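Peer 1: One structure is given below, represented as C-alpha cells, and several questions about it will come after.
Protein chains: 2
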Amino acid sequence: MSIDPARLQPMANAIRALSMDAVQAANSGHPGMPMGMADVATVLFDRHLKFDPARPDWADRDRFVLSAGHGSMLIYSLLHLSGYARPTMEDIRNFRQLGSPCAGHPENFLLEAVECTTGPLGQGLAMAVGMAMAERHLNAVFGDDLVDHRTYAIAGDGCLMEGINHEAIGLAGHLNLGRLIVLWDDNAITIDGPTDLSTSENIKARYEATGWHVVSCDGHDFADIDRAIEEAKADPRPSLIDCKTVIGKGAPSKQGTSATHGAPLGEDEIAAAREELGWDAEPFVIPDDILANWRSTGERGHEAIGAWETRLNESGQADEFNRRMAGELPHGDAMREYVASLIANPVKIATRKASEMALAEINPRLPDTIGGSADLTGSNNTKAGGLEPFTADNYAGRYVYYGIREFGMAAAMNGMALHGGVIPYGGTFLVFTDYARGAIRLSALQQARVIYVMTHDSIGLGEDGPTHQPIEHLASLRAMPNLLVLRPADAVETAEAWEIALKQEGRPSVLALSRQGLPQLRTEMADENLSARGGYVLREADGDRQVTIIASGSETHVALECADRLADKGISAAVVSMVSTELFDEQDDDYRARVLGEGGLRVSIEAASTFGWERYIATSEYPRGLAIGLDRFGASAPAPDLFEKFGITADAIVPQILDTLKA
Amino acid sequence: MSIDPARLQPMANAIRALSMDAVQAANSGHPGMPMGMADVATVLFDRHLKFDPARPDWADRDRFVLSAGHGSMLIYSLLHLSGYARPTMEDIRNFRQLGSPCAGHPENFLLEAVECTTGPLGQGLAMAVGMAMAERHLNAVFGDDLVDHRTYAIAGDGCLMEGINHEAIGLAGHLNLGRLIVLWDDNAITIDGPTDLSTSENIKARYEATGWHVVSCDGHDFADIDRAIEEAKADPRPSLIDCKTVIGKGAPSKQGTSATHGAPLGEDEIAAAREELGWDAEPFVIPDDILANWRSTGERGHEAIGAWETRLNESGQADEFNRRMAGELPHGDAMREYVASLIANPVKIATRKASEMALAEINPRLPDTIGGSADLTGSNNTKAGGLEPFTADNYAGRYVYYGIREFGMAAAMNGMALHGGVIPYGGTFLVFTDYARGAIRLSALQQARVIYVMTHDSIGLGEDGPTHQPIEHLASLRAMPNLLVLRPADAVETAEAWEIALKQEGRPSVLALSRQGLPQLRTEMADENLSARGGYVLREADGDRQVTIIASGSETHVALECADRLADKGISAAVVSMVSTELFDEQDDDYRARVLGEGGLRVSIEAASTFGWERYIATSEYPRGLAIGLDRFGASAPAPDLFEKFGITADAIVPQILDTLKA
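Residue numbers (our numbering), protein chains in the order written: chain A, 7 to 669; chain B, 7 to 669.
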C-alpha cells in the first residue's frame, strides 16, 4: 500500500485536535509534543506497529513506549482512535481528572495498552531496552514462530539529555538489539527554551559511537517517515530515527516554541489551529471516515494473531509459554527442601553468599529468571546455578553483565518485567540504590516484579568507608510505597526472602544482604515461611517479657546476645526478627501485638538510621523506646572496629537497655 | 626542563610501591589503578599541576580530582610524596584503619588536599566540571591576576560508563570549559572483567560529539604523556586524554587483569613486582633521592604564590576575594527588612513563588550565589534578582541552564561549593531528587553548602500525577545524615528558610516548596528567625493543650483549620509548624518538650509518607499518636480533588482526632 497523505493527514490531525482540546478542557497538560509527533505516530501505527486493539495482551505484539510521557495525549489519542476499549472518548474528555485513566502521564496500571509508566525522563527509552532484551531472550527460548516482535519508543530531547540515556543506549548498542527503534522527537525545544540554551551535542554522532544505526527524516513528511522506519527495520543494529519536527505543529502562532510545551494553547490559538489544519469537527468528535481509517490500522495485527495462535497451539510449548507470560511460578516446593538442608547443616556465611546458594537452587528450576549485576558480579554473588551470559551472540543466556550502569540496569529490569515472560533480578551495593532510585520507584509504581539484590548493606562492609556504607537507605526504601524491603538475618531467612520476592506478582523487592559472615540463627524447621509475616518472634522471653528487642539482618544475632546477657541479669527479653517492616505492617493487629509484646521496653537494633523505628518501639510505658542505630555517616575501618566504634555491640547496647529500664 | 625517564620512573615506582604495600598491609583496597596511573600522575604533578604542599588552601591552585576514588592510594601517595603535611607515612601505614585520614576512598573532610570525596563513580568528574565552572566565573569576576587555574580529573572506565558522565560532559562541552582536563585511565578492565563484557562504545567519538577535544597517549611513556597534557592545555575546549594503561602495571603475573583491581596482590606477587620495578626499598620507605625529586614538584607553585599574593594585595579586591573564598556572608540584615515588609503586606502565594521573591532580595546583595535549574526555570522560580545566564560567552553570568540533567547539576553544584567563592543553588521537582540523590548524599557527606530548590513538593502539584508527586521523598531526605530539609509553610517561613540555608557553612539544604498558593500564616514580626528552631508553636492552645497538631509546609494551614474546628467543639489544640525536623532535633529537651506539649494527643499532618513521624507524636497517653499522610502513590487530578480524595482536609482529619481522643 503506497503512502497516501490525503488519508494520513486527517488521521494525524485527529491526534492534534484531541490533544489540544483535551489539554484545553483540563486546563493542564502538554499539547506541543503530541501535535509535533502526530505525523510520525500515524505512520508508525498505520504501517508498521503490530498490534490488535482487541487483544492488548497478545504476547507477540510490538511494544510501543512513549518515553516522553508528558505527551500523554499522543498515546491516549492513538489508543482511542485505533479502537482499544479504553480510553473511551469520555475518558479523554476527563483527561487529568480524578478517576480518568487518562492521567497526566501514561500509567501502565490504568490502561492495559500502556506498556509502561512514563514521565520521569529517559526511563521509557531505558525500559524499552529491557523489553527488547526480553523479546530477544524469549525468541531464543521459544523460537521465531512464537516471539518475533519489535519495540518502538518515542523519546524527546529531554530523554536524550538524561544520564540514563547514555547507560541505556550503551547497553542496547553492546547487545546489538536490532529490534529496538527509537523515534527521536527532534524539535530542538525544551521547557526553558531552545535546546541550545543547554546543549551543543551532536546526538547522532553519539548514538553512532555507541553502536547504533542512525537515520533522519522530516517528521512531517509521511513518505520520508515511512522510509526512515523501513531503513531502521532493515538494519541489524538498534536504530535511532532523528525525526525533525516542529513542536506544537499546527498551532500557527505558537508552534516551534516552548510556549506549546506544557500549557494549554488557549481558545484563540486552538481556533486558529483548526483553521490551519482544516479541522472543522467539534471538540472530541472524530469524523466517521477518519475514524474508520484509524480503526483499520489494527487489521494487520488482528490477522497475524490467528496464525500466531495456530503456531502456538502446534508448538508443543503452549503451556510453558502461557505460564511464563502469565507470570505464574511452576509448581513445586524445592525451597522447603533447601531450607531443610540448611537446618540440618547450619552455615555461618554472609547473606550475599546465602543468596547465591538460594539462586543456585532457584535458577535451574525457574527458567524465568534473568540475573545480572552492575559490574559487581563477584561481590553481589548474583551469578549462580549455571547461568550463561546474555550476549549479542547468545540471547538464550540468562546473566547480564550490565556494566557500571545501575540506573540503566534497574530500568531495563522494569522493561523486562513489564514485557513479561521473565523475572529479572540484578545486583549492586545497597548504597548505590541512590543511583537507581528513579527506576526503583517506577518498579514500585508500575507494580513490576523486579528483584534488587543489594549487598554490602551496612557499615559491616568495612574499609570502603562512608561513600559505600548505606545509612539512610533502608529507611528511604521502606518509606517508598509498594516496595518490599527484605533484610534477612541468616541463610534460612535469605532463602525465605527469595521465596517471598519471587511470589510478589505486583511488587518489586529489595534484598538487603550482608558482606560479612553471619551465624545461622534458625536451626529448627518451621511450618511456614516465617519471614513472610515480616517480623516474628525468633526467641521468646523466659517468663513475662520485660524487654522486646527487634532487629533486622546482621544485627539480629547481636539482639540474641543482648537477650542472653539480660537473662544473666534476670531480665527476660524476647527477640523479634524484623525481616520486612512492610510485610509486618500488613499483619493483623493481634499478630503484631503478640510479636511486639504489650508490656515493657522495646528496643530496635539496626546498623542504619534509626529514622522510622519509633513506629515499632513506642509503648505507653516507654513512648520513645530505645532505638539503636547510626544517625551519622560511617567510617573506613575493618567491620568489627566499626561496630565497636558506633556502639552496635551487646557490650554497648545492654547498658543502655538497663539504664532505660531504671529511668 | 626536558623529560627525564631516569628521574620520573623511580618517582612513579614510589607510588606503585606505596600502593601495593599499603593495600597489602590493610588486606583491603585497590592496587591496580594507582599502579596503572602512576606514570601519568607523576608527569602531571611534576610538570603541570600548580600546587604548593605548604598551602593546600591557596585559592588559585589547580584542582586535582581522583574521580576513580577506589584508587585512593594514588592520591595518598602523591600528597605524601610531594610533601603535604598529611598524610604522613604513618597515616599511609594505617590505610583503611580506624582513625587514619587515609580512608578507603578519599574524603575531603579528612585530608585538606583532597578536593572532594570520590568513590561513587562518575561523580568526581562531574564535580570537576563544577569546579571548572566556579573557576571561570571567579576569573570573570576577579580577573586573570587572581583566578587562573585548571581542573584535572583522573577518571576510570567506570566513571565513563555511568550516566552522570553523559550529563557532566554535555554540560562541560556546551560551556566550553577549556581549563578542564580529564585523564582517562583507559585500561579496558572493570571489576567483572574486560570492558568488552559490557560495552562496545567508542568513547573518544562520544566525547568529540559533545564538543570535547580528545587526545591519546601511551600512559607508560613519560614524553608521550607530557605531550598529550600539553596539547590538552593548548586546546580551547575541555579535553579528554585517553591514557592507554595497563592496570596493576608492575605486578608481573597479574597486571592487565581484573585480579589487580580490588584485592591485595599477595606477598609473592609484591616480591615479584619489586623485582620487576627494581624497587628494593623496604615497605613504606622511600629512598632519599627519590623523595627529594618528589619534594621538588611543588616548587613551581610555591614560587607562584608569592607573585599571586602581591597581585591580590595590590588588586583592591583582597577583602572581597578573601571573604568569598572563606565562605563568609556579607554583613547586613536585609532579610529581616524583607520579612517586615511581608508582615506589613501579607501575600497568598506558592512557596516556590515566595522563594523567587526571597531570591530577588538575596541575589543582588550576595554576589556569591550561582543559581540554576534542570530545565524547569519557570516552574522552580529560580531565576530572580536580575541574574544573567552563565554561558560560554559570559562566565560572569550567574544563572546556569543546566538542561535536563538533575544528577549532573547536583554534582556540579558540589564541585562549585567545594571550589569555594560561590554558593550554588539549583532547582528541579522534589520527586526528581531521586535522579540526583547520589550527589545530594555527597553534598551531605562532603559538608558542602549547596541549596536544592525543590518545588512541586506534594500531591498539591495536581494533574501531573504519581510520577511527579513526591510521597516518600521528605522522609527519605530527612533520614540522610547532615542534610537539612526545610519545608516552609508561607512566604515568611520561606524567607527564613533561605536565610537558614545560606548560613549553613557545612551542610546542604533542601527547600521543599509548593506549586500551589498558600495563605500567609505569619502575620506578626518575631524577634528571631523562628524557623531556625526547626519547629515552633505557631498558635498556642487556648487553655491546657488537649491536642498538639504538628504540620509542615502546605499542610500547616490545614492544621490551623483543624485547631479552629476543635476549638469550636471545646477542645484546645496548639499548632506547631515543623519547618525542619533536623533543626528541631538539635534543640534542647526543654524546648522540644515545650513545643510538642507533654500531655494529650499529638497529630502530624503532612501530604506525604507518614514514615518517621512517630518520633514526634508518640506520648505515654497515645503512644501511636495520629499520623495523617499518604502512604501510597498519588493520582492525577486537580490539587483540591486530591487533597479531598486522600483525606488531607480538616473535614477528614477532625473526625479522626475526635475518634482518637474518645478511644
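Think of the CB as a built atom: it goes at the ideal place given N, C-alpha and C, for glycine as much as any other residue.
Bear in mind the structure is a predicted one, so any value in this text is a computation, not a measurement.
Across which residues does DSSP place ASP248/B in a beta bridge pair?
Peer 2: TRP190/B and SER222/B
Peer 1: Enumerated in chain order, which unbroken segments of the alpha helix (DSSP H) with a length of 4 residues or greater are wholly contained in the region 481 to 560 of chain B?
Peer 2: 497 to 509
Peer 1: Using a cut-off of 8 Å between C-beta atoms, extract the partners of THR157/A located in chain B.
Peer 2: Result: empty, since nearest Cβ-Cβ is about 20 Å, beyond 8 Å.
Peer 1: For VAL428/B, report the span of its beta strand (DSSP E) as first-last.
Peer 2: First-last for VAL428/B: undefined, no H or E at that position.
Peer 1: For ILE231/A versus CYS249/A, is the C-beta spacing smaller than 9 Å?
Peer 2: yes
Peer 1: What residues from the region 38 to 62 of chain B come within 9 Å of chain A, judged by C-beta to C-beta, listed N to C?
Peer 2: none
Peer 1: State the start and end residues of the unbroken alpha helix (DSSP H) segment that holds PHE228/B.
Peer 2: 228 to 240
Peer 1: How would you list, in chain order, the residues of chain A whose beta-carbon sits under 8 Å from the beta-carbon of LYS651/B?
Peer 2: LEU104
Peer 1: Apart from the five residues just before and just after ARG22/A, which ones in its own chain have a Cβ nearer than 8 Å to its Cβ?
Peer 2: PRO40, MET41, ALA44, LYS255, GLY256, ALA279, LEU283 and TRP285
Peer 1: Assign LYS509/B to one of two classes, buried (16 or more other C-beta atoms within 10 Å of its C-beta) or exposed (fewer than that).
Peer 2: By the Cβ neighbour-count rule, LYS509/B is exposed, with fewer than 16 other Cβ atoms within 10 Å of its own.
Peer 1: Report the rounded CA-to-CA distance for PHE438/A versus VAL29/B, giving the unit in angstroms.
Peer 2: 24 Å
Peer 1: Which residue's Cα is closest to the Cα of TYR158/A: GLU561/A, GLY128/A, ILE195/A and VAL71/A?
Peer 2: VAL71/A
Peer 1: Does ASP339/B pass the burial test, meaning 16 or more other C-beta atoms within 10 Å, or should it be called exposed?
Peer 2: exposed
Peer 1: Report the neighbours of LEU382/A on chain B: residues whose CB is nearer than 9 Å to its CB, in chain order.
Peer 2: ILE197 and ASP198
Peer 1: What are the partner residues of THR157/B, as DSSP defines its beta bridges?
Peer 2: As a beta-bridge residue in DSSP terms, THR157/B pairs with ARG69/B and LEU186/B.
Peer 1: Express the C-alpha separation of GLU141/B and PRO430/A in angstroms, rounding to a whole number.
Peer 2: C-alpha separation (whole angstroms): 45 Å.
Peer 1: Three-state secondary structure (DSSP) at ARG411/A?
Peer 2: coil
Peer 1: Between the Cα of ASN328/B and those of ILE410/B, ARG545/B, PHE649/B and ALA65/B, spot the shortest distance and give me the residue it belongs to.
Peer 2: ALA65/B
Peer 1: Check whether the region 599 to 609 of chain B and the region 542 to 560 of chain B touch, using three or more Cβ-Cβ pairs below 8 Å as the test.
Peer 2: yes
Peer 1: For the beta strand (DSSP E) that GLY384/A lies in, which residues bound it at each end?
Peer 2: Taken as a continuous stretch (DSSP letters only), GLY384/A belongs to no beta strand (DSSP E), being part of the alpha helix (DSSP H) at 383 to 386.
Peer 1: So the beta strand (DSSP E) TYR458/A belongs to, where does it begin and stop?
Peer 2: 457 to 461
Peer 1: Going by C-alpha to C-alpha distance, which of ILE235/B, TRP218/B and ALA215/B sits closest to ASP224/B?
Peer 2: ILE235/B
Peer 1: Compute the Euclidean distance between the alpha carbons of LEU297/A and ASN386/B, then round it to the nearest angstrom.
Peer 2: Linking LEU297/A to ASN386/B through their CA atoms gives a straight-line distance of about 41 Å.
Peer 1: Measuring alpha carbon to alpha carbon, tell me which residue in GLY184/B, GLY35/B, HIS172/B and ALA134/B is nearest ILE160/B.
Peer 2: The closest CA to that of ILE160/B, considering only GLY184/B, GLY35/B, HIS172/B and ALA134/B, is found on ALA134/B.
Peer 1: Hey, how far is the Cα of PRO646/A from the Cα of GLY466/A?
Peer 2: Answer to the nearest angstrom: the Cα atoms are 8 Å apart.
Peer 1: Does ARG484/A come within less than 9 Å of chain B when only Cβ atoms are used?
Peer 2: yes
Peer 1: What three-state label does DSSP hand LEU127/B in the structure shown?
Peer 2: Coil at LEU127/B, not helix or strand.
Peer 1: Taking 6 Å as the limit between beta carbons, can you name the residues of its chain near THR383/A, skipping five residues before and five after?
Peer 2: LYS389
Peer 1: According to a CB-to-CB cut-off of less than 9 Å, which residues of the region 634 to 647 of chain A neighbour chain B?
Peer 2: Cβ contacts with chain B: LEU636, ASP637, ARG638, PHE639, ALA641, SER642, ALA643, PRO644 and ASP647.
Peer 1: Let me see if you follow: with CB-CB separation under 9 Å, is PRO11/B close to chain A or not?
Peer 2: Residue contact check for PRO11/B against chain A: no CB pair falls below 9 Å.
Peer 1: Run through the DSSP bridge pairs and tell me what ALA579/A is partnered with.
Peer 2: VAL553/A
Peer 1: Compute the Euclidean distance between the alpha carbons of GLY304/A and MET26/A, then round it to the nearest angstrom.
Peer 2: 25 Å
Peer 1: For GLU118/B, which residues from the same chain have a beta carbon less than 6 Å from its beta carbon, with the 5 sequence-adjacent residues on both sides left out?
Peer 2: So the qualifying residues of the chain are PRO62.
Peer 1: If you run the structure through DSSP and keep just helix, strand and coil, what is TYR628/A?
Peer 2: TYR628/A: coil per DSSP, three-state reduction.
Peer 1: When DSSP builds the beta bridges, which residues end up paired with SER464/B?
Peer 2: According to DSSP, SER464/B bridges with nothing at all.
Peer 1: By how many angstroms is the C-alpha of LEU318/B removed from the C-alpha of ALA324/B?
Peer 2: 6 Å
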